[in-house]
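Below you can see the structure in the form of structure tokens.
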């Protein structure tokens, strides 16, 4: 579930907030790239969900790009390629990367939550909560060996 930009609530043009908004757009750009990459490792029965996560990150990126534009800022453009934090060779490492991505994004959203105006906090917290739910879903996927422990 993604949210629409809220036209009635404005965000401060405080530079610290703008920096965090830029970080979110950069993080969402990386997530879009990574989830596109991960689709090749995901079993057919889970591809629809993985594709929906790709679309969620694209929608969230677009929301925050719009917020930056409304502040007369130019949003960061996606890179052509991103360096993975570890090699993805199978479904297990694909899900580990999905967890890594969601965890990083949750951290960025929470950084913004701490400094943003109180009237905007619920929206930011909702994004972090949705990411937390996805993180838990990805952690619940099969392990390399039955009985494996995180």
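Numbering (my numbering), first residue to last: 65 to 214. Where is the CB? At the ideal position from N, CA and C, for every residue including glycine.
Can you give me the C-alpha to C-alpha distance between residue i and residue j, rounded to a whole angstrom?
{"i": "residue 190", "j": "residue 153", "result": "32 angstroms"}
{"i": "residue 79", "j": "residue 138", "result": "13 angstroms"}
{"i": "residue 144", "j": "residue 100", "result": "13 angstroms"}
{"i": "residue 107", "j": "residue 114", "result": "10 angstroms"}
{"i": "residue 194", "j": "residue 86", "result": "20 angstroms"}
{"i": "residue 178", "j": "residue 82", "result": "13 angstroms"}
{"i": "residue 135", "j": "residue 75", "result": "8 angstroms"}
Specify the secondary structure class of residue i as computed by DSSP and reduced to three states.
{"i": "residue 136", "result": "coil"}
{"i": "residue 147", "result": "coil"}
{"i": "residue 116", "result": "helix"}
{"i": "residue 123", "result": "helix"}
{"i": "residue 182", "result": "helix"}
{"i": "residue 166", "result": "helix"}
{"i": "residue 153", "result": "coil"}
{"i": "residue 105", "result": "coil"}
{"i": "residue 141", "result": "coil"}
For residue i, collect the residues of the same chain with a Cβ closer than 7 angstroms to its Cβ; drop the 5 residues on either side in sequence, then sort them by chain order.
{"i": "residue 174", "result": "192"}
{"i": "residue 158", "result": "102, 105, 106, 152"}
{"i": "residue 198", "result": "117, 166"}
Quick one: measure Cβ to Cβ for residue i and residue j, integer angstroms, because I've assumed they're closer than 8 angstroms.
{"i": "residue 118", "j": "residue 96", "result": "6 angstroms"}
{"i": "residue 172", "j": "residue 91", "result": "5 angstroms"}
{"i": "residue 148", "j": "residue 102", "result": "That belief does not hold up - the Cβ atoms of residue 148 and residue 102 are roughly 10 angstroms apart, past 8 angstroms."}
On a Cα-Cα basis, can you pick out the residue from the options that is closest to residue i?
{"i": "residue 151", "options": "91, 105, 90", "result": "105"}
{"i": "residue 77", "options": "160, 133, 155", "result": "133"}
{"i": "residue 94", "options": "122, 182, 110", "result": "122"}
{"i": "residue 125", "options": "110, 182, 84", "result": "84"}
{"i": "residue 164", "options": "82, 202, 180", "result": "202"}
{"i": "residue 146", "options": "98, 75, 200", "result": "98"}
{"i": "residue 131", "options": "169, 111, 184, 109", "result": "184"}
Between residue i and the rest of its own chain, which residues show a CB-CB distance below 6 angstroms, the 5 nearest in sequence each way excluded?
{"i": "residue 241", "result": "Only positions 65 to 214 of the chain appear in the structure, and residue 241 is not among them; the question remains open."}
Just to confirm my understanding: we take residue i, look at its own chain, exclude 5 residues before and 5 after, and list those with CB closer than 8 angstroms. What are they?
{"i": "residue 208", "result": "Unreliable positioning characterises residue 208 in this predicted model, as indicated by a pLDDT of 47, which lies under 50. The coordinate reading is nonetheless provided below. So the qualifying residues of the chain are 154, 156."}
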